[in-house]
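In the numbering used here, the protein residues as written are 28 to 513.
Structural data, given as structure tokens:
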């Protein structure tokens with residue numbers, strides 16, 4: 028056994044044996060008169076020899092150079108030897124031990140008997156918590172605390188809330204994985220007893236080590252060291268805990284870095300909180316100003332440039348934006364004009380006939396370069412009807428669209444069912460065009476989204492739906508009537 032493998036009691040017993048051997052040799056060799064005289068006379072006028080040391084006080088022990096035993100550390104000369112030793116320690120029943128190498132050793136996990144950790148289940152729990160938090164937050168804000176009616180749509184639906192739910196799930200799972208890993212590995216641990224071993228620095232280069240902690244239930248100093256040697260260890264050394272409490276603390280430089288980084292990370296939040304809780308007449312800081320600051324007049328503000336003091340300018344009388352001179356009221360408004368003569372009283376008090384221009388809904392389709400009644404226009408109207416009208420009115424125009432069905436399943440206050448296209452069968456073409464343009468009741472205006480020619484195409488397709496659902500035998504060509512009767 029090497030000196031490093033001997034315990035404190037073995038060392039003290041060896042020192043006592045050496046002391047007894049020295050006393051025996053002194054007693055067996057008698058001193059001569061000259062040696063006695065030289066011992067009595069000091070050399071070169073030096074002071075007299077010190078008095079012999081007093082007897083040791085009972086129960087007195089010198090302060091230990093090392094703290095309690097942390098464990099034993101064994102070095103192996105190859106990854107294969109380390110893996111074989113790990114299997115031996117595993118079979119011996121040890122639980123508090125680990126292997127250290129400069130790179131991952133293939134097959135070391137089964138050799139050590141490492142089981143699947145609980146970390147994946149903890150991460151799963153964190154992800155499920157984030158999922159419930161994301162869904163619950165959106166349900167609370169959108170469907171419970173402040174329900175917002177939008178065309179009778181449901182207050183809460185899973186597809187509309189997938190994005191936030193996914194982000195919350197990933198966020199909670201990631202944070203759970205990060206902090207759980209630190210907790211399960213008992214980190215941060217800036218100091219480890221194995222770091223006191225000079226040989227352990229090889230673990231970052233070409234050293235392969237196996238350490239067993241003394242806290243292990245099966246740990247026995249002599250037997251554990253012998254087991255590691257039998258497993259092929261080249262060196263087995265004891266590792267003690269440093270008795271200096273300051274060595275276990277996190278380095279001051281690292282702690283200062285952590286505190287400084289945390290403070291710097293909180294600075295933006297402090298500025299945000301200050302901006303939200305205070306008011307100022309100065310503009311915000313703009314690192315990239317873009318076009319936020321330029322010589323311009325803002326709407327609804329005072330101006331010193333114009334005589335009337337207003338930044339907003341009124342349009343010049345009689346001007347029309349280029350391309351917006353919509354003089355064809357039949358095409359753009361769905362109305363036509365007739366002349367009507369009525370009797371009115373003039374300034375002399377006499378009844379005289381007056382001819383006026385009266386607007387009425389157009390009962391015919393417009394005829395210009397932008398719209399033609401043909402099959403191509405019909406197909407265009409069918410496509411636009413399916414996009415904009417069918418969600419409420421249904422593909423057949425019977426008022427059975429998915430929005431209407433949902434509104435009936437989940438009763439909504441103030442909901443008006445969409446009309447069947449046959450309700451508008453007596454309405455002129457221009458009136459249907461006007462309804463599409465400006466909306467009616469809960470139906471929004473589609474004029475800003477659908478150009479006039481497409482609105483007329485939808486009217487054409489609505490007439491086709493009405494005709495198909497209200498056809499008679501007279502609408503069937505004579506040569507085909509016999510086949511229908513069969």
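Each residue gets a CB set at the ideal place from its N, CA and C atoms; glycine is no exception.
- Residue burial is scored here from C-beta neighbours: residue 151 has fewer than 16 other C-beta atoms within 10 angstroms and is therefore classed as exposed.
- Under a 10 Å Cβ-count criterion, residue 412 is classified as buried, with 16 or more other Cβ atoms of the shown protein chains found around its own Cβ.
- Assignment of residue 166 by DSSP, reduced to helix, strand and coil, places it in the helix class.
- If you look at residue 277, you'll find it isn't in any beta strand (DSSP E); DSSP assigns it neither H nor E.
- Distance check between residue 274 and each of 303, 216, 490, 230 places 216 closest, using alpha-carbon atoms only.
- Here residue 451 is not near residue 426, since their CB atoms are 8 Å or more apart.
- Segment contact: the segment 358 to 370 against the segment 382 to 390, three or more CB-CB distances shorter than 8 Å; contact assigned.
- Contact check between the segment 103 to 110 and the segment 230 to 239: three or more CB pairs, one atom from each, fall below 8 Å, which counts as touching.
- A Cβ-Cβ contact shorter than 8 Å links residue 448 with residue 492.
- It is roughly 15 Å from the alpha-carbon of residue 395 to the alpha-carbon of residue 352.
- Cβ neighbours of residue 378 within its own chain (closer than 8 Å, five residues either side excluded): 370, 371, 372.
- In the pairwise beta carbon analysis, the segment 152 to 168 is classified as touching the segment 191 to 199: at least three pairs are separated by under 8 Å.
- For residue 100, the enclosing beta strand (DSSP E) has its first and last residue at 96 to 103.
- The alpha-carbon of residue 324 is positioned some 52 Å away from that of residue 153.
- Judged by DSSP in its simplified three-state form, residue 307 adopts coil rather than helix or strand.
- Residue range 362 to 372 is occupied by the beta strand (DSSP E) that includes residue 366.
- In this structure, residue 241 and residue 120 do not form a Cβ contact; the two beta carbons are roughly 15 Å apart against a cut-off of 8 Å.
- Non-local beta-carbon contacts of residue 332 in its own chain, meaning distances under 8 Å to residues more than five positions away in sequence, involve 324 in chain order.
- DSSP, reduced to helix, strand and coil, places residue 237 within a strand of the structure shown.
- Residue state for residue 483 is assigned as helix, using DSSP reduced to three classes.
- For the pair residue 261 and residue 104, the CB atoms are nearer than the 8 Å cut-off.
- Here residue 479 is not near residue 364, since their CB atoms are 8 Å or more apart.
- For residue 282, the three-state secondary structure derived from DSSP is helix.
- When the alpha-carbon of residue 223 is set against those of 209, 267, 203, the nearest one is in 267.
- With respect to the 8 Å criterion, residue 439 and residue 468 are not classified as neighbours on the basis of their beta carbons.
- Bridge pairing for residue 127: 236 [DSSP].
- Taking residue 128 as the centre and dropping the five residues before and after it, the same chain places the C-beta of 235 closer than 6 Å to its C-beta, in chain order.
- Per DSSP, the continuous beta strand (DSSP E) segment holding residue 380 begins and ends at 378 to 388.
- Sorting 284, 387, 183 by C-alpha distance to the C-alpha of residue 456 places 387 at the top.
- According to the DSSP assignment, residue 267 belongs to the beta strand (DSSP E) that extends over 262 to 267.
- For residue 173 and residue 130, the gap between their C-alpha atoms comes out near 57 Å.
- When secondary structure is reduced to three states using DSSP, residue 392 falls in the coil class, being assigned neither helix nor strand.
- Apart from sequence neighbours up to five positions away, the residues of its chain that approach residue 429 with a beta-carbon distance below 8 Å are 418, ordered along the chain.
- No Cβ-Cβ contact shorter than 8 Å links residue 138 with residue 263.
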